[in-house]
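Undergrad: Okay, here's the structure, questions in a sec.
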Amino acid sequence: MSATINVELFQCYFKEEGARFLQVPGRLFPIKLRYMPPPALEMKAGQATARSNRSQGTRMDPAPFVQVLNLIDQQYPSSQRGDVLIFVSGVNEIDTVCEAIKEYAAQQTHWLVLPLHSGLALAEQDKVFDYAPEGSRKCIVSTNIAETSLTVDGVRFVVDSGKVKEISYDAACKGQRLKEFWVSKSSAEQRKGRAGRTGPGFCFRLYSQQQFDAFEAYPTPEIYRVPLDTMLLQMVSMGLPDVRAFPFIEPPESERIEQTILALKQKMELSIGKMLLKGCVYRKVDQLLTLGRHAQRTKSAYQLCLHGRALRTGAPESGIHSGRPLHPDETPTREWLQLKMARENTRKWCHRRGIEEQRFYEVSKMRQQFQRILESCNMAPPSTSGALTSAERASRHGEVRQLKALKRRQRFEQPRHPKLLKHQHSGGQYEEPDENYEDVRDVDFRLRHDARQLALLERSARLERNRDVVLLKLLLVSGFYPQLAISDEFNYCKGGGQQFFHTRMKPFISLHPNSHFAKYYECLKLAESDLIPKPAYYTPKHPLSERHQLLCYQSLLETAKPYLMSCIRLPVAHTLLLFGFAIDTNADLTQMVFDGWLCLDFPVPDSGMKLLCRAIKLRRRWSSLLCSKLDELNASQKAPAVTSKNITLWHELIDFMGLDVPYAVSRLLPADLKRLYTHQTPMPLLEKLQGNPFDIDYPPSPNMTKGGINVSENVVYGCVADQPWTLAMQAALQARAWQCSKCDFQLEKCDMLEQLVHRQECKKVRPASPVHVQQPPTARVASNSGNYFCESCKRHLNICLPIDILRHRRQCVKDRK
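Numbering of the sequence shown is given in full-length UniProt numbering, commencing with residue 1 and proceeding in unit increments.
Encoded structure:
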């Protein structure tokens, strides 16, 4: 246990059980302490305040660290052994200090500069344990990872900046904040103790004694800084009756516990589980598991490079300009699996491309974990790679025996011995990995995956068809909704670093500088060719287009400013209609409000109505398929098979996402919400309804809060007040009669409800025609109509060429398989 733990806190907690306090002091050599505050950072006594005011916004000056090294060179000759450990707050600070020390080391050549943080490759982290040559010293620049997580032998000098970066969770915007603070007294003492592990040492603190006295005694407990949802669910799974009454050592605020419990009851948390559950009706669960493992892990496989040159030489960028990749590691994962199948040296391949291979092993284990979870719930069929032939079984048996013997030999081998460092390690040169070295991670991976399982993994990581990308994007949004961001209206005239996006809870968020869309931000803008001329009655300034896009993000991270992390782009209207929690419309379906913060205008007649009706039906079918799958599972205790209904649903979802409908997007402000709703229930409309033209299975009812009529679980019809342009559009449409495009039915006035009722009845009559059922497929194709009915998927398709028909038939056969 840590030497700086709050003993009194734990002693009081276990006092009723009669636990006694036993202290075993560790061996620590004497340490000389010296305060060296930079003059520009000196503070008067009492000026350092509480933790809430400790955040520092100034950029780090590396000069004090170089001055300490110069002082060490003057007072302690290099013939005396002793390395230097420098504590700074973050990766950027490590980069700044390393660059400054390298310039100093160019003159004093006995210094070896080594960075240390969790983002480095394991091989690079292990170099801090290697020995410096005779007459040389290591200078390790580290975050607080070297404070308690590991001990580096040979450290004689510690330089403490007194800063640390901590991540806190903001429940309001569901994001994380990474801020810089002063360390606590216990952390400062822990850092000082690193200099006295193997001999007498020296600690240089780059702050004053008065500042140290103003530090807090202990750091903020982690339970106060992280979301509580996972912890509360674990407590419930353990059978604890009431998580509110649990006796925490340091209990969080009761308000946070209540907020977490309330959030868990809503449809907006546990994103990965929700995505996997909704995707169980998807026919390609393997691709969904591959996507889920990447969504669970936010850290990319690419290493952070602090050595003066980029490591990503030859890094794959295929598909980047199309905006297709769902994750930055999508292409490298596929190439890595192909190398595994070919039994090539993946360590050398990852090393040359600046990729940390450990990430690939982590996600492969995570994928297996997801697979086992779904199989244990019978939500997915058991993973089988097919029956092996006798020759394959014999080969696999011999391979497993060999791998197990190799693993036993590695288990009894001595741990890695420290090596002798060379001066080139601080200059950015790298050694090729040993080809004869057997990696235990590779042995474990090959034990878990035979050749056929590797081929299955490689196929699941391959997203060659755009339709698969669209469906997987929909499944991602189904898990992460409502984590959406809309583009600022003035982004069209700004550069990449000035692009802002707005979420429901937090406005003016930037794209992370290392993200894909920060580099290719032009794909998020509307081009001149995407703009559509506005009708005369549509007077708002918002651009009218069929190409509006939004970003679905995985998380928010706030450092100097808030950033969107791990984003994908989708069309605005289609995404909101499929996943919006609350959809409010006006009487003519020309204006829709989603979740009280986004407004979509449909100034083209019937465009909003067609999209909404189609989305309601798709949502109902998706939900009913999932419910029927669960019911079938409870009845048979066996994973239900994928049926033609599932395949048809995914085809129709793809068709829906490809619809081109002109609309305008705007973000609602608090002032807009005050006059947004009518707050009146249109009783004549409710009496006029004979059934529900939006959703047959949902009985319409008045909405007493917003006004209007509830026509589905998520849609309130007629509650949005009309705007001047919607009234002008009504007047223009009332001047002409409405005629059905499928029959000769006419309405003297354009009444939306009567249109919907007729469209529903018109669709009921249409399938009675025997033409599409009895005639062969070739006879149903007209050269000018483009109307083809497929017997396999039971769909009417707008294709007429024989080659297109053959392609569709072949695809249907693949989908059934």
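All C-beta atoms in this analysis are idealised placements derived from N, C-alpha and C, irrespective of residue type, glycine included.
1. Among His110, Glu335, Tyr492, which residue has its Cα nearest to the Cα of Ala461?
2. Taking Cβ to Cβ, would you say Tyr553 is nearer than 9 Å to Ser566?
3. Buried or exposed: Ile696, going by 16 or more other Cβ atoms within 10 Å of its Cβ?
4. Could you check the C-alpha separation between Ala560 and Lys165 for me, to the nearest Å?
5. Can you tell me whether Ile583 is helix, strand or coil according to DSSP?
6. Beta-carbon separation of Phe602 and Gly596 under 9 Å?
7. Quick one: what's His808 bridged to in DSSP?
8. Out of His449, Arg441, Pro332, Lys422, state which residue places its alpha-carbon closest to the alpha-carbon of Gln368.
9. State the Cα-Cα distance for the pair Gln56 and Arg177, rounded to the nearest angstrom.
10. Apply the 10 Å Cβ neighbour rule to Gln190 and answer buried if 16 or more other Cβ atoms are within range, or exposed otherwise.
11. Sort out for me which residues DSSP pairs Cys599 with in a bridge.
12. For Gly279, count neighbouring Cβ atoms within 10 angstroms of its own Cβ and tell me buried if that reaches 16, exposed if not.
13. Where DSSP assigns a beta bridge to Tyr717, which residues make up the other side?
14. Quick check on Asp73: does DSSP put it in helix, strand or coil?
15. Hey, is His512 close to the ligand FMN, as in C-beta under 8 Å from one of its heavy atoms?
16. By DSSP, does Leu276 sit in helix, in strand, or in coil?
17. Which one of Lys419, Thr333, Leu557 has the shortest CA to CA distance from Ala455?
18. At the level of alpha carbons, what is the spacing between Ile167 and Lys179?
19. Any idea what DSSP makes of residue 859, helix, strand or coil?
20. Relative to the C-alpha of Asp126, which residue among Gln209, Pro133, Ile140, Arg736 is closest?
21. For Val593 versus Leu676, is the C-beta distance shorter than 9 Å?
22. How long is the line joining the alpha carbons of Glu250 and Glu17, rounded to whole angstroms?
23. Which residue wins for smallest C-alpha separation from Leu551, given the options Ser487, Ile583, Leu598?
24. What's the call for Ala188, buried or exposed, on a 16-neighbour Cβ count within 10 Å?
25. Would you call the segment 217–234 and the segment 245–264 touching, i.e. three or more CB-CB distances under 8 Å?
26. Only counting the same chain, and skipping five residues up and downstream in sequence, which positions put a Cβ closer than 7 Å to that of Ala45?
27. Does the segment 519–539 touch the segment 706–713, meaning 3 or more C-beta pairs lie closer than 8 Å?
28. Beta carbon of His548, beta carbon of Tyr717: below 9 Å?
29. Which of the three DSSP states is assigned to Phe29 in this structure?
30. Going by C-alpha to C-alpha distance, which of Arg810, Ser254, Lys265 sits closest to Leu233?
31. Would you mind giving the Cβ-Cβ distance between Leu570 and Lys473, rounded to the nearest angstrom? I have them listed as a contact below 8 Å.
32. Could you tell me whether the Cβ atoms of Asp130 and Lys419 are closer together than 9 Å?
33. Counting only beta-carbon atoms, is Lys541 nearer than 9 Å to chain D?
34. Suppose you measure from the CA of Gln453 to the CA of Lys340; what does that come to, to the nearest Å?
35. Taking all protein chains shown into account, do 16 or more other C-beta atoms lie within 10 angstroms of the C-beta of Gln483, making it buried, or fewer, making it exposed?
36. Can the beta-carbon of Leu475 be found less than 9 Å from the beta-carbon of Val443?
TA: According to the data block:
1. Taking the sequence shown and counting its residues from 1, one reaches residue 461 at position 461. Of the candidates His110, Glu335, Tyr492, the one whose C-alpha sits nearest the C-alpha of Ala461 is Glu335.
2. Sequence index remark: in the sequence shown, residue 553 carries index 553 (1-based). Sequence index remark: in the sequence shown, residue 566 carries index 566 (1-based). In this structure, Ser566 lies closer than 9 Å to Tyr553 by Cβ.
3. Taking the sequence shown and counting its residues from 1, one reaches residue 696 at position 696. The residue in question, Ile696, is exposed, as its Cβ has fewer than 16 Cβ neighbours within 10 Å.
4. Reading the sequence shown from its first residue, position 560 is the one you call residue 560. Reading the sequence shown from its first residue, position 165 is the one you call residue 165. Their backbone Cα atoms lie some 12 Å apart in a straight line.
5. Translated into the one-based positions of the sequence shown, residue 583 becomes position 583. Ile583: strand per DSSP, three-state reduction.
6. Within the sequence shown, numbered from 1, the residue matching residue 602 stands at position 602. Within the sequence shown, numbered from 1, the residue matching residue 596 stands at position 596. The answer is no: Cβ separation not under 9 Å.
7. To locate residue 808, count along the sequence shown from 1; it is residue 808. In DSSP, His808 forms no bridge with anything.
8. Locating residue 368 in the sequence shown gives position 368, counting from the first residue. Gln368 has its Cα closest to that of His449, out of His449, Arg441, Pro332, Lys422.
9. Locating residue 56 in the sequence shown gives position 56, where the first residue counts as 1. Locating residue 177 in the sequence shown gives position 177, where the first residue counts as 1. Unreliable placement is indicated for Gln56, whose pLDDT of 43 sits below 50; the coordinate value is still reported in the next sentence. Using only the alpha carbons, I get a separation of about 14 Å.
10. Residue numbering aside, residue 190 sits at position 190 when the sequence shown is read from its first letter. So Gln190 ends up on the buried side.
11. Within the sequence shown, residue 599 is the residue found at index 599, counting from 1. Beta-bridge pairing links Cys599 to Val593, Ser666.
12. On the sequence shown, position 279 is the one that residue 279 refers to. Result: buried.
13. The sequence position of residue 717 within the sequence shown is 717, counting from 1. Tyr717 is bridged to Ile709.
14. For this step, residue 73 is matched to residue 73 along the sequence shown. Note: Asp73 maps to helix in three-state DSSP.
15. Of the ligands one can find in the structure shown there are none, so the ligand FMN has no counterpart to examine.
16. Locating residue 276 in the sequence shown gives position 276, where the first residue counts as 1. Helix.
17. Numbered from 1 along the sequence shown, position 455 holds the residue referred to as residue 455. It is Thr333.
18. Taking the sequence shown and counting its residues from 1, one reaches residue 167 at position 167. Taking the sequence shown and counting its residues from 1, one reaches residue 179 at position 179. In a straight line, the C-alpha of Ile167 is about 7 Å away from that of Lys179.
19. Summary: the structure shown does not reach residue 859, with the chain confined to residues 1 through 817, and so no result is reported for it.
20. Here residue 126 refers to the residue found at position 126 when the sequence shown is read from its first residue. Measuring from the Cα of Asp126, the nearest candidate turns out to be Ile140.
21. Your numbering for residue 593 matches position 593 in the sequence shown. Your numbering for residue 676 matches position 676 in the sequence shown. Yes, these two residues count as a Cβ contact at 9 Å.
22. As a position in the sequence shown, residue 250 is number 250, starting the count at 1. As a position in the sequence shown, residue 17 is number 17, starting the count at 1. Each residue's alpha carbon lies about 18 Å from the other.
23. For the purposes of this step, residue 551 is taken as residue 551 along the sequence shown, with counting starting at 1. Out of Ser487, Ile583, Leu598, Ser487 has the C-alpha closest to the C-alpha of Leu551.
24. The sequence position of residue 188 within the sequence shown is 188, counting from 1. Counting Cβ neighbours within 10 Å, Ala188 comes out buried, since at least 16 surround it.
25. yes
26. Against the sequence shown, residue 45 aligns to sequence position 45. For Ala45, the pLDDT reaches just 34, beneath the cut-off of 50, and the residue's location in the model is therefore unreliable, leaving the point undetermined.
27. no
28. For the purposes of this step, residue 548 is identified with residue 548 of the sequence shown, where counting begins at 1. For the purposes of this step, residue 717 is identified with residue 717 of the sequence shown, where counting begins at 1. Taking 9 Å as the Cβ cut-off, His548 and Tyr717 do not qualify as a contacting pair.
29. Translated into the one-based positions of the sequence shown, residue 29 becomes position 29. If DSSP states are grouped into helix, strand and coil, Phe29 belongs with coil.
30. Here residue 233 refers to the residue found at position 233 of the sequence shown. Ranking the options by Cα distance to Leu233, first place goes to Lys265.
31. Position 570 of the sequence shown, counting from 1, holds the residue named residue 570. Position 473 of the sequence shown, counting from 1, holds the residue named residue 473. Leu570 to Lys473, Cβ: 6 Å. Contact.
32. Here residue 130 refers to the residue found at position 130 when the sequence shown is read from its first residue. Here residue 419 refers to the residue found at position 419 when the sequence shown is read from its first residue. Result yes, Cβ atoms of Asp130 and Lys419 sit closer than 9 Å.
33. Included in the structure is just one protein chain, with no chain D present.
34. Mapped onto the sequence shown, residue 453 falls at position 453. Mapped onto the sequence shown, residue 340 falls at position 340. Each residue's Cα considered, the two are about 11 Å apart.
35. Translated into the one-based positions of the sequence shown, residue 483 becomes position 483. With 16 or more other Cβ atoms within 10 Å, it is buried.
36. Residue 475 sits at position 475 when you count from the first residue of the sequence shown. Residue 443 sits at position 443 when you count from the first residue of the sequence shown. Going by C-beta atoms, Leu475 is not nearer than 9 Å to Val443.
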